[in-house]
Amino acid sequence: METVPVAGGGGVVAAETQSSSSSSASAASPESLSSSSPEEIVNQWKFNLSRRFQHLLDKLVPHILYRWLGCLGLLLIYALRVYLVEGFYIVTYGLGIYLLNLLIGFLSPQIDPEYTDGPLLPTHGSDEFRPFVRRLPEFKFWYCITKAFCIAFVLTFFRAFDVPVFWPILLFYWLMLFVMTMRKQIMHMVKYRYVPFSFGKQRYDGKRSSSTEDASLLKD
Numbered sequence: 001m002e003t004v005p006v007a008g009g010g011g012v013v014a015a016e017t018q019s020s021s022s023s024s025a026s027a028a029s030p031e032s033l034s035s036s037s038p039e040e041i042v043n044q045w046k047f048n049l050s051r052r053f054q055h056l057l058d059k060l061v062p063h064i065l066y067r068w069l070g071c072l073g074l075l076l077i078y079a080l081r082v083y084l085v086e087g088f089y090i091v092t093y094g095l096g097i098y099l100l101n102l103l104i105g106f107l108s109p110q111i112d113p114e115y116t117d118g119p120l121l122p123t124h125g126s127d128e129f130r131p132f133v134r135r136l137p138e139f140k141f142w143y144c145i146t147k148a149f150c151i152a153f154v155l156t157f158f159r160a161f162d163v164p165v166f167w168p169i170l171l172f173y174w175l176m177l178f179v180m181t182m183r184k185q186i187m188h189m190v191k192y193r194y195v196p197f198s199f200g201k202q203r204y205d206g207k208r209s210s211s212t213e214d215a216s217l218l219k220d
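With the first letter of the sequence shown counted as 1, position 15 gets the number 15 in full-length UniProt numbering; the numbers rise by one all the way through.
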């Protein structure tokens, strides 16, 4: 271990550059990989793959329009697949229930005002600004939908999941469930006066978007 004096500091700094570089080089050397167990090699590959996949997801975050266009393309491909094979209605029904659950999480606030005594969302222009925080963020909402379509598309290639059912009954039941669930969600939104979308809302960047809500806030 070498010691390098610090000019004007009156002390010394321990520098172990050679030992650290040699240890890092030995850790990344092929000899060390070959001496590792197969389980450690598989874990290292899984770690590298997950890190690259996460890096790809991070690069997709700001491209909202392209992400949802790609999701729409997956929806059309899956619908075409189900239409051509004329089956897998149980898979489609399960997919619809899962998407409905995701939609409710996307439209719901992170902290439900019905079960908390904390501060609610502002209802007047003079109230303190508290932005709407979703229980399910937009990117995770998109990611879960995309992954669900991919899994459902793969399941359509296995006949074990093609259970014969009368699909109009499933469609009618899903529509009833959708209407009842959305009706409950809309009543919750009206009761606690929040809107889960930012279109037409006041902006705090020095500009104001043109909306009728701004006029009502000015009157108050």
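Ideal Cβ positions, reconstructed from N, Cα and C, are used throughout, including at glycine.
This structure is a prediction, so every number in the text was calculated from the model and none was measured.
- Could you please give the first and the last residue of the uninterrupted alpha helix (DSSP H) stretch that includes GLU40? Taken as a continuous stretch (DSSP letters only), the alpha helix (DSSP H) holding GLU40 covers 38 to 60.
- Item | For VAL133 and GLN110, believed in contact at Cβ under 8 Å, the rounded distance | About 4 Å; that satisfies the 8 Å criterion.
- Message: Distance check for PHE153 and PHE161, CA to CA, integer angstroms please.
- Response: Straight-line Cα distance between these residues: approximately 11 Å.
- Task: Measuring alpha carbon to alpha carbon, tell me which of PHE139, MET182 and TRP167 ends up nearest TRP68.
- Result: Answer by Cα proximity: PHE139.
- ARG134 by DSSP, collapsed to three states: which one? Under the three-state reduction of DSSP output, ARG134 falls in the strand class.
- Query: Hey, how far is the Cα of PRO164 from the Cα of TYR98?
  - Reply: Going by the C-alpha atoms only, they are around 21 Å apart.
- Query: Based on the DSSP output, what are the partners of PRO109 in its beta bridges?
  - Reply: Answer by DSSP bridge pairing, in chain order: ARG134.
- What does a CB cutoff of less than 7 Å around THR146 pick up in its chain, not counting 5 residues either side in sequence? Cβ within range, chain order: CYS71 and LEU74.
- Item | Chain-order list of residues whose beta-carbon lies under 7 Å from that of LEU95 (same chain, five-residue window excluded) | For LEU95, same chain residues with a beta-carbon under 7 Å away, outside a window of 5 residues either side, are ALA148 and ALA152 in chain order.
- Query: To the nearest angstrom, how far is it from the Cα of HIS63 to the Cα of LEU56?
  - Reply: HIS63 and LEU56: Cα-Cα distance of roughly 12 Å.
- Query: Could you give the distance in angstroms between the alpha-carbon of CYS144 and the alpha-carbon of LEU102?
  - Reply: Distance between the alpha carbons of CYS144 and LEU102: 8 Å.
- Query: What's the gap between the Cα of SER141 and the Cα of THR156?
  - Reply: The question names Ser, yet the displayed sequence has Phe at residue 141. Answer to the nearest angstrom: the Cα atoms are 23 Å apart.
- Item | First and last residue of the uninterrupted alpha helix (DSSP H) at ALA160 | Looking at the DSSP string, ALA160 is not in any alpha helix (DSSP H), and its letter there is neither H nor E.
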